[in-house]
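The block underneath contains the structure these notes are about, expressed in structure tokens.
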Amino acid sequence: MAYDFQVGIIGAGFAGLVAALRLKKQHKESFVIFERAADVGGTWRDNVYPGCACDVASPLYSFADEPNPNWANLYSSQPAILEYMKLVVERNDLRKHIRFNSDIVKAQFMSDKGCWQLTNAQGTTTTVNVLLAALGPLNRPNIPDFPGLASFQGQVIHSARWDTTCDLTGKHVAVIGTGASAIQLVPAIAPMVKSLTVFQRTPAWISHRLDRTVSEAARQRFSRFPLLMKVQRESIYWLNEFVGMGFTGSQWLNGLMKHISLKKLADEVKDPETRKKLTPNYTIGCKRILKSDDFYPTFNRSNVHLVTDPIDTFVQTGIKTIDGQEHALDVVILGTGFKVADLNFYTEFMGKAGTRLQDVWKKTGGEAFKGVTTANFPNLAFILGPNTGLGHNSVIHIMESQMNYIMQYINQIEQLGGAGYLDVKESVQQDYNQRLQQQFNGTVWASGCQSWYMNEAGKNTTLYPRLNTHFRRLTKRFSIADYQVNS
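Once you know that position 390 of the sequence shown is 1304 in my numbering, the rest is easy, because the numbers rise by one and skip nothing.
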């Protein structure tokens, strides 16, 4: 092109690296990644709690064009995933594109120039033609406002902000929550603590993880015959898609999933009263299904106790539940997840005519066309925007599907030249989101439970209501007719 065309990416987690790899593959070297931390990794850099691991099999939870023959386990731990991400960065020479410790606090669209002005925390500004928001949904810990929390004299740690200097050995510890992080953390710390009290509000449906080590011989075969890795990846993908049918309308499959999970609970927890407390009373899949091979058996330990009475207040020495019982504690771990559904990013996005994205989404709930573009915010694309999350398969597959669409979007903008920009039509965005919300009808996510998939108004702004395969087809084609063109 006759002018300097620059792409900006906010975030160097999986989403940002997916974008960077695709740009490199298309021989577009004029891009920069702004990362608020000192290294890559996103959620896999920040979450270092004991037992942290992925609940999607590693051959699938990886970049499609960067297969790894050296996974030590079928389901990898946080250190292994972070090591893989860093290896991919070095192998593709991406580090030169990254500005570390660059926290973009404001992104302002300049209508007269057709570009975005980015301002970091130090006040330094940068201008880019297209902005890709790869911020990720799991970066804002949810810290409930418990009464009396400030009075507690022990230590309080959120699982996503783990204190690596904290020694739990021989201490009285509580974990609040039984979600995705808690079911990994609880089995990891139970053997080292004096006592472990698990406070549960709502039990989770838990399925078999079936993790296993990958032998050295198998790793050598994967290295020598890359086609084996592709076959393995495809097999895992299609099995997950089959399971996904149990979420999107297959009653018999949903019933089978329920039967398997209840049998797992019955087989692994000895005490009948504890089993009863751990039994969910909502449709399986309505909340996130968790995978674990060791969470249930942990409750057979004499030093582990499950409490289902709601928390009344924190006191100086621990936690008091509404039945009046006080639980003496040294450390309280918050396994209370993240603020996801409100889509309230650290970066302030200002679109045309001073429109503030956070204000728009506060009124409507997060909405974007194909989870990518939003009306009145031209030349801006989200990776893992509204309604792109999953309950059954690899989110990296969704990211790569979105990049199929985004690359066509970028190419169209680049061809406009100068101050040209594309702005998705409001009618197109509204029609898409209306159809999308209707597609939740008949799925497990519309069965009535409360979950972090929903915003305060009860709107599901988090999940895509169909299978990955459908989303891949949806994002394959870009139509300029969906956009207002300013050339």
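Cβ atoms here follow ideal geometry from the backbone N, Cα and C, with glycine treated the same way.
For the set L1388, T1116, G1362, the Cα lying nearest the Cα of I1225 is the one of T1116. Take the alpha-carbon of R1189 and the one of N1168: they are about 21 angstroms apart. G1303 is bridged by DSSP to L1377. When only Cα atoms are considered, L1350 and L1388 end up about 12 angstroms apart. Contact check for N1293 and W1030: beta-carbon distance about 7 angstroms, within the 8 angstroms limit, so the pair qualifies. Between L1298 and A929, the C-beta spacing is below 7 angstroms.
Between A1048 and C1080, the alpha-carbon positions lie close to 32 angstroms from each other. In the three-state DSSP reduction, A1074 falls in the helix class (H, G or I).
For I1233, the beta-bridge partners assigned by DSSP are F1228, H1241. Straight through space, the alpha carbons of V1229 and Q1239 are spaced by roughly 11 angstroms. DSSP places M999 in the uninterrupted alpha helix (DSSP H) bounded by 992 to 1005. For R1054, the three-state secondary structure derived from DSSP is coil.
Beta-carbon to beta-carbon, E980 and V962 are separated by about 23 angstroms, too far to satisfy the 8 angstroms threshold. Sequence-distant partners of I1012 (beyond 5 residues in either direction) whose C-beta falls short of 6 angstroms from its own C-beta, in its chain, are A926, I947, E949. The segment 1340 to 1359 makes contact with the segment 1194 to 1203; the number of CB pairs closer than 8 angstroms reaches 3 or more. Within the segment 1257 to 1337, the beta strand (DSSP E) runs of at least 3 residues that lie entirely inside it are, in chain order, 1262 to 1264, 1294 to 1296.
Cβ atoms of V921 and F977 stay farther apart than 8 angstroms, at about 19 angstroms. Note that the segment 1261 to 1280 does not touch the segment 1313 to 1321; fewer than 3 beta-carbon pairs, one per stretch, sit closer than 8 angstroms.
V1042 and L1032 do touch by the CB rule: their CB atoms are close to 7 angstroms apart, below 8 angstroms. The criterion of a C-beta distance shorter than 7 angstroms is not satisfied by Q1114 and T1235. Contact check for A1074 against P1055 passes: the beta carbons are separated by less than 7 angstroms. The closest CA to that of L1336, considering only S1025, R1005, K942, A971, is found on S1025.
Per DSSP, Y1397 is one residue of the beta strand (DSSP E) stretching across 1397 to 1400. DSSP, read as helix, strand or coil, puts W1366 in coil.
Close CB contacts of K1020 within its chain, under the 6 angstroms cut and outside five residues either way in sequence, are with T1033, E1262 (chain order). For G955, the closest of L1008, P983, D918, S1164 by C-alpha to C-alpha distance is L1008. Here DSSP, grouped into helix, strand and coil, assigns R1123 to coil. Along the length of the segment 1175 to 1226, whole alpha helix (DSSP H) runs at least 4 residues long occupy 1186 to 1191, 1209 to 1212, reported in chain order. CA-to-CA, the gap between T1383 and N1217 works out to about 45 angstroms.
Burial is judged here by how many other beta carbons sit within 10 angstroms of a residue's own beta carbon; V1309 has at least 16 and is buried. Collapsing the DSSP output to three states places K1020 in a strand.
Taking A1267 as reference, the option from P1194, G1331, N1290 with the minimal CA-CA separation is N1290. Between I1120 and S1206, the gap from beta carbon to beta carbon is short of 7 angstroms.
Taking C-beta atoms under 8 angstroms as the contact rule, K1339 and Y1397 qualify, at a distance of about 7 angstroms. Your pair I1057 and V1246 does not check out as a contact, with CB atoms roughly 11 angstroms apart and the cut at 8 angstroms. Proximity to W1076 across Y1210, E943, D960 peaks at D960, based on C-alpha coordinates.
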